[in-house]
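The structure under discussion appears below in the form of structure tokens.
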Amino acid sequence: MKPPPFEYHAPRDLGQALSTLAEVRGKVLAGGQSLIPMLNMRLAAPEHLVDINRVPELAVMEAAPDGVRIGAAVRHAEVERAGVHPLLVRALKLVAHPVIRNRGTVVGSLAHADPAAELPAVLAVLGGSVRLARAGAPERDVGAAEFFVGPMESAVQEGELAVSAYFPALGPRTGGAFEEVTRRHGDYALAGVCAVVTLGEDGAIEAARLACIGVGPVPVVVDVTGSPDDAARIVSERTEPDGDVHASAAYRRHLVGVLAERALRNATREAQARGA
Amino acid sequence: MEHEITLVVNGTARRVTVPARRLLSDCLRHDLGLTGTHVGCEHGVCGCCTVLLDGRPVRSCLTFAVSVDGAELTTVEGLSSGGRLSPVQRAFAECHGLQCGFCTPGFLCTVTALLEENPAPTEEEVLEGISGNLCRCTGYQNIVKAVHRAAELLAEEA
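The listed protein sequences correspond, in order, to chains R and S. Under UniProt numbering, the residue at position 201 of the first sequence is numbered 201, and the numbers go up by one with no gaps. Under UniProt numbering, the residue at position 22 of the second sequence is numbered 22, and the numbers go up by one with no gaps.
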């Protein structure tokens, strides 16, 4: 249970971080709350680790009325305390335990791309994006739909660094909810659903989007605007859960439908409250 | 390659030379001789190795020592002062918040930080606060009591 040897790099600014990554093609170390367990269990053995904890440009969070941009070195707990995005904060409270969130980073969770993790679902349902940088090239923004490529696989290429993530704010008459079922509080979800609902002036549903986790290789985004009452069936049909020791595929399929209904109901209630 | 780093542990600056892969938990125990920090699962699940990093509880088994060069750390050895147990430690003793004691250093560090941030937590906040620490002896009831008792002791001494 000890990590394998690696060469350690601790760049002091973003330029240095990018040139180091271009040179050594190493793995990025941010909070380390997913990476270090993988190293300890020898599931990963990178030759180089590039520690971005001392890069000041990455430790920045910018909240504007239209959304919040979170730098790659910003911890879960900092975003939670700042309270800058209600739906994101609600999802953060479901990520592991408070002590893990003191060290883990939001962008790290996205780049790790665990199919059962909460934050990818928030980015996906909001249509947010991740900004990628590479030495000697312009930055590029990758939308959530393209960012999550497969289980534990994101669009970050070798030599690239995810420098920040952008979470759009919820608009007027819009509410969000996150519902999940876990074996124990803080565990990865058996299944989970993040919902965002926007109501029209007349109180009818104008838009309803869901992102489902734990039931496919990446967060499964389903638009149920036209038939919110049928959300459970639609979601069950659109997702392809696997069975494992924790839950069978059939159970997960049933569960994600129940959670979809629940998340929609709660998001609608919040939208009503925000519209009043 | 070895790295020379400085850690301010319980108020004392300690210089130490470590390989990059040295976990903070092993650095504290083996390089600095502070064996109060316990190591249980070494993948962030059990919470035994929790220490305070610049005042906030973190898993020392999920932190590389080189990564926190220059940081201030508090381990269980640094909670008492002048030979007197801290209010959190006294509350755990008083409420029988431990049996074998293996998980206790992690609980003490976690709870110390929890009460600093939230001096009067509700039952729910206590459960959430200690949800990342496992105890296989007590069934948690007395640990939860100890947290509330510690809050009382801290309020009395404030």
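The C-beta atom is built at its ideal place from N, Cα and C for all residues, glycine as well. Note that the structure is a prediction, hence the values are computed from the model and not measured.
Worksheet entry | 6 angstroms Cβ shell around Leu14(R) - same chain, five flanking residues per side excluded | Val55 and Glu57
Worksheet item: Just the Cα atoms here: how many angstroms apart are Leu53(S) and Leu73(S)?
Response: 5 angstroms
Worksheet item: If you check the beta carbons only, do Ser67(S) and Asn102(R) fall under 7 angstroms apart?
Response: no
Fill in: Element boundaries [alpha helix (DSSP H), containing Ala59(R)]
Taken as a continuous stretch (DSSP letters only), Ala59(R) belongs to no alpha helix (DSSP H), as it is neither H nor E.
Practice prompt. Decide if Gln89(S) is buried, meaning its Cβ has at least 16 other Cβ atoms within 10 Å, or exposed.
Written response: buried
Worksheet item: Below 7 angstroms between beta carbons: does that hold for residue 282(R) and Val106(R)?
Response: What the structure shows of chain R is the stretch from 1 to 276, and residue 282(R) is not part of that stretch, so it cannot be assessed.
Discussion item. In the DSSP assignment, the alpha helix (DSSP H) including Gln124(R) goes from what residue to what residue?
Written reply: Here the sequence assigns Ala to residue 124(R), which means Gln is not the residue at that position. Ala124(R) -> alpha helix (DSSP H) spans Glu118 to Leu126.
Fill in: Among Gly200(R), Ala247(R), Phe167(R) and Ala10(R), the one whose alpha carbon lies nearest that of Gln272(R)
Gly200(R)
Worksheet item: Hey, Glu153(R) and Arg134(R): beta-carbon distance below 7 angstroms or not?
Response: no
Item to complete: State the Cα-Cα distance for the pair Gly101(S) and Lys145(S), rounded to the nearest angstrom.
Response: 16 angstroms
Worksheet item: Taking C-beta to C-beta, are Pro168(R) and Gly128(R) nearer than 7 angstroms?
Response: yes
Worksheet item: What in chain S is Cβ-close to Arg103(R), meaning under 9 angstroms?
Response: Leu53, Arg56, Val58, Arg59, Leu62 and Thr63
Worksheet item: Just the Cα atoms here: how many angstroms apart are Gly26(R) and Val220(R)?
Response: 30 angstroms
Worksheet item: Are there 16 or more other CB atoms within 10 angstroms of the CB of Glu80(R), so buried, or fewer, so exposed?
Response: buried
Item to complete: Note down, in chain order, each residue of its chain lying with its Cβ closer than 6 angstroms to the Cβ of Arg131(R), except the 5 sequence neighbours on either side.
Response: Glu139, Asp141, Val163 and Ser164
Worksheet item: Which class does Lys27(R) belong to by DSSP, given the choice of helix, strand or coil?
Response: strand
Fill in: Spatial neighbours of Arg149(S) in its chain, beta-carbon cut-off 7 angstroms, leaving aside the 5 residues before and after
Ala91, Glu94 and Cys95
Worksheet item: If Ala91(R) sits next to Val122(R), beta carbons under 8 angstroms apart, how far is it from one beta carbon to the other, in whole angstroms?
Response: 5 angstroms
Discussion item. Comparing C-alpha positions only, which one of Ala249(R), Leu119(R) and Ile205(R) sits nearest to Cys194(R)?
Written reply: Leu119(R)
Fill in: Short-range partners of chain S found in the segment 41-66 of chain R, where Cβ spacing is below 8 angstroms
Met41, Leu49, Asp51 and Asn53
Worksheet entry | Contact list for the segment 26-44 of chain S against chain R, Cβ threshold 9 angstroms | Asp26, Val39, Cys41, Glu42, His43 and Gly44
Item to complete: Check the Cβ of His246(R) against every Cβ in chain S and list those closer than 9 angstroms, keeping chain order.
Response: Going along chain S, no residue has its Cβ under 9 angstroms from His246(R), so there is no contact; the nearest lies around 15 angstroms.
Practice prompt. Enumerate in chain order the residues of its own chain whose CB-to-CB distance from Pro241(R) is below 6 angstroms, with the five nearest sequence positions on each side excluded.
Written response: Val215, Ala249, Arg252 and Arg253
Worksheet entry | Rounded distance between the beta-carbons of Asn133(S) and Cys103(S), thought under 8 angstroms | 6 angstroms
Item to complete: Taking only the alpha-carbon atoms, compute the straight-line gap between Ala71(S) and Ala231(R) and give it to the nearest angstrom.
Response: 50 angstroms
Worksheet item: So which residues on chain B does Gln33(R) lean against when the C-beta distance must stay under 7 angstroms?
Response: The question asks about chain B, but that chain is absent: this structure's protein chains are R and S.
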